[in-house]
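Residue numbers (this note's numbering): 2 to 361. Heads up: the structure comes next, in structure tokens.
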């Protein structure tokens, strides 16, 4: 992938300056979160929220005025409302309590057992394309084999090494290397305000190495931070900063060109956290004009330009020729209780670290 530079100030703004709601509240809906009556709720990763908002405004302007005025759409930064919305999902028992289209990143409550049993296994949501991705992504199996979730793009997680703080220790070459004793108390990973940690990383470690691997990872992690804090620490002078930080590629590439840092593309692949879309089966045809935008090449290009590889066949993700990826897979997601699994991997991780980890 071409690791172009983005100003660090923009990266920090993703967290420090929450975006405002749409100006046209009548079109976009002035009451987000629950979703009843909304045609669309898009919970977007912060790197793509503003450009997608702008593109969506332009797209709506091409629709007949009466059609655009009738659509009720809400676009939000996922980090701003994720806990409020996802904590509500389990309490909702009727289909009409949900938006017609839901776009969200990561492994959230839309993958958890109550939602799956009520609405996925009963075919209330349907996938809208069968794009397999480019030559790099096609072998991954990005299409949900059950035909319910649509993967739009993926957030890639990679380790970033600070050679000044790594000292004479070897550079990790695969994800399992992060479990080595020599990295004890030397790592930073994503930490959430609710005391949980990066589920994408923990699920991958658990799938490969089990509970003991999670405990070992807990021993080695010193900080649970938002990626913007990792970048801020890397650009600072504190000797207390981590030697290795696991962060999204979007944030990692802000350090390109700085000699003391290396972005490591692991031999076993960059970790994948999916950005998915759910569409009500009964609304699929009625909302074809909205889906043409959200599953189309323009949104895919915006994701790709922010280092979120998109699965649309018309987009060049500019990935390294030898790029590989680590994806836990749809079978693993479908055949496990994700909520129970995420709770369990966090518990095992904390056992390894005790109470010493520093969270945001």
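Don't be surprised by glycine CBs; every beta carbon is placed ideally from N, CA and C. Quick caveat, the model's predicted, so the values are computed rather than measured.
| Asked | Found |
| --- | --- |
| Three-way DSSP call (helix, strand, coil) for residue 30 in this model | Bear in mind that a pLDDT of 42 at residue 30, under 50, signals an unreliable position, so the number given afterwards is only what the model happens to contain. In the structure shown, residue 30 sits in coil (DSSP, three-state: anything other than H, G, I, E or B). |
| Sufficient close CB pairs (3 or more, under 8 Å) joining the stretch 119-126 to the stretch 253-270 | no |
| Spatial distance of residue 157 from residue 268 (CA atoms) | 14 Å |
| Sheet register partners of residue 110 (DSSP bridge) | Residue 110 pairs with nothing; no bridge assigned. |
| Local Cβ density within 10 Å of residue 253, reported as buried at 16 or more and exposed below that | buried |
| Cut-off 7 Å between Cβ atoms - residues of its own chain near residue 220, not counting five sequence neighbours on either side | 185, 353 and 354 |
| For residue 292, the first and last residue of its enclosing alpha helix (DSSP H) | 289-295 |
| 3-residue-minimum beta strand (DSSP E) runs that sit fully inside the stretch 118-188, ordered along the chain | 151-163 |
| Environment of residue 241 [buried if 16+ CB atoms lie within 10 Å] | exposed |
| Residue 151 versus residue 79: straight-line alpha-carbon distance, rounded | 18 Å |
| Meets three-Cβ-pair contact criterion under 8 Å: the stretch 132-143 and the stretch 276-288 | no |
| Rounded separation between residue 28 and residue 302 - CA only | Note that residue 28 has pLDDT 42, beneath the 50 cutoff, so the model's placement of it is unreliable and no number is given. |
| Beta-carbon spacing of residue 265, residue 172 below 8 Å | yes |
| Whole-angstrom C-beta distance between residue 216 and residue 349, which should lie under 8 Å | 6 Å |
| Member of 89, 139, 142 and 323 whose CA lies at the smallest distance from the CA of residue 116 | 89 |
| Whether residue 340 touches residue 114 by CB criterion (8 Å) | yes |
| Nearest to residue 159 (by Cα), restricted to the options 195, 119 and 205 | 205 |
| Range of the contiguous beta strand (DSSP E) that encloses residue 263 | 262-264 |
| Residue 344 classed as buried or exposed, judged by whether at least 16 other C-beta atoms fall within 10 angstroms | exposed |
| Check whether residue 289 and residue 64 have beta carbons under 8 Å apart | no |
| Reduced DSSP secondary structure (H/G/I, E/B, other) of residue 329 | coil |
| Three-state secondary structure (DSSP) of residue 281 | strand |
| Run of the beta strand (DSSP E) containing residue 43, from where it starts to where it stops | 41-45 |
| For residue 74: DSSP bridge partner residues | 41 |
| Meets three-Cβ-pair contact criterion under 8 Å: the stretch 39-50 and the stretch 95-113 | yes |
| Secondary structure of residue 249, DSSP reduced to three states | strand |
| Near the ligand ATP: residue 201 beta-carbon under 7 Å from a heavy atom | Among the components of this structure there are no ligands whatsoever, and the ligand ATP is therefore not found. |
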